[in-house]
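A.B. asks: Please read through the structure below; I'll follow up with questions.
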Amino acid sequence: MNLQPPRELYRQLSFISYYFHWGLEDVLELPHLERERFCREISRINREANRQEKNVFDA
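See the structure below:
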């Protein structure tokens, strides 16, 4: 079993909680790989949104 350094865990928890408005318990229940995937996807969405003037969710 690989344990993440506490700093990395808190970074992921804060990142996902901030963007999804999820509580700590909800984010802690996610498996490690799923938390990493959510962090990558949130980052990708932010990069795309920052390159565009309009909302990425507008049709």
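In the numbering used here, the protein residues as written are 1 to 59. Where is the CB? At the ideal position from N, CA and C, for every residue including glycine. All values reported here derive from a predicted model rather than from experimental measurement.
Hey, L13 and L24 are a contact pair by Cβ (cut 8 Å); roughly how many whole angstroms apart?
C.D. replies: The C-beta distance from L13 to L24 rounds to 7 Å, short enough to meet the 8 Å contact threshold.
A.B. asks: Can you tell me where the alpha helix (DSSP H) holding L13 begins and where it ends?
C.D. replies: 6-20
A.B. asks: Count the other C-beta atoms from every protein chain shown that fall within 10 angstroms of the C-beta of I45, then say buried if there are 16 or more, exposed otherwise.
C.D. replies: exposed
A.B. asks: In terms of residues, what are the limits of the alpha helix (DSSP H) holding L28?
C.D. replies: 24-28
A.B. asks: Rounded to a whole number of angstroms, what is the C-alpha to C-alpha distance between L28 and W22?
C.D. replies: Each residue's Cα considered, the two are about 10 Å apart.
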